[in-house]
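Heads up: the structure comes next, in structure tokens.
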Amino acid sequence: MEIDNQRKQILIILSIIVLFAAAILPVVLNPSTNVFDSIIRVAALTGFVSLFVASILSSFTRQIYKIFSKPFVKIHHLFAIVGLILITIHPLALAISQMNLAVFIPDVSSLENFLILGGRPAIYIIYIVLFAGFARRMIPKYWKILHGSIYIALLLAYIHGVLIGTDFQNPGIFVLFSSMMVLSLIVLVYKRYVVWKRMK
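Here's what the structure looks like:
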């Protein structure tokens, strides 16, 4: 049983490493001439991956605990915090590069602009999600709803990437991130279905 868990640990860890490596490969193979642009690209891609992993792991708390023999929350929060840091670096590097703090302000002038710049509201939602996770004992009635809004943030970030993301022009990145987005939504539906079945 222990050997089986070790194999699962290795498989999960390798899968996550491959996912991160695949995400940054286009930047490595085709780096930007401006160092800030490369930082912006890497932070966006790896930040999304980290938050995706955190959201997926949240649906398999018991399985993760059995495999790693560690509290799920620690593993989940590790990826969530790393994702938050990377997603914060993304607009911060852009703001420094352009010397413009407007990159932090959501554009609500039209639905099109809101979606094109969907990363802006997404980052605030992600902060709320992380706060809800740490403050779940303070807001027991609402923390799950707030925490679940990570899927809205991921969707906004994904749309933002598809519409204006430099690396989303790469077919491999488009397929990879589209697959992650679809998988996260499938897992969300699965979670809701399991909860519904338990309530019946």
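Counting along the sequence shown from 1, when you hit position 118 you're at 167 in my numbering, and nothing is skipped either side.
Cβ atoms here follow ideal geometry from the backbone N, Cα and C, with glycine treated the same way.
Could you work out which residue in L204, I222 and T215 is closest to L250 when comparing CA atoms only? Past the edges of the chain, shown from 50 to 249, lies residue 250, and the structure says nothing about it.
Cutting at 7 Å between CB atoms, please list the residues of its own chain near F109, excluding the five before and the five after it. Cβ within range, chain order: n/a, list empty.
Restricting to Cα atoms, I'd like to know which of F69, I145, L78 and L94 is closest to F85. It is I145.
Going by Cα to Cα distance, which pick from P75, I175 and P220 is closest to H196? Comparing Cα positions, the closest option is I175.
Taking the alpha carbon of F97 as the reference point, which residue from I165, Q218, N79 and L68 has its own alpha carbon closest? Residue L68 is the option with its Cα nearest to F97.
Using a threshold of 7 Å, state whether the C-beta atoms of V76 and S87 are closer than that. For the 7 Å CB-CB criterion, V76 and S87 form a contact.
With distances taken between CB atoms, is the gap from L234 to L179 smaller than 7 Å? Not in contact: L234 and L179 (Cβ atoms no closer than 7 Å).
Give the straight-line distance between the Cα atoms of L150 and L127, rounded to the nearest whole angstrom. About 28 Å.
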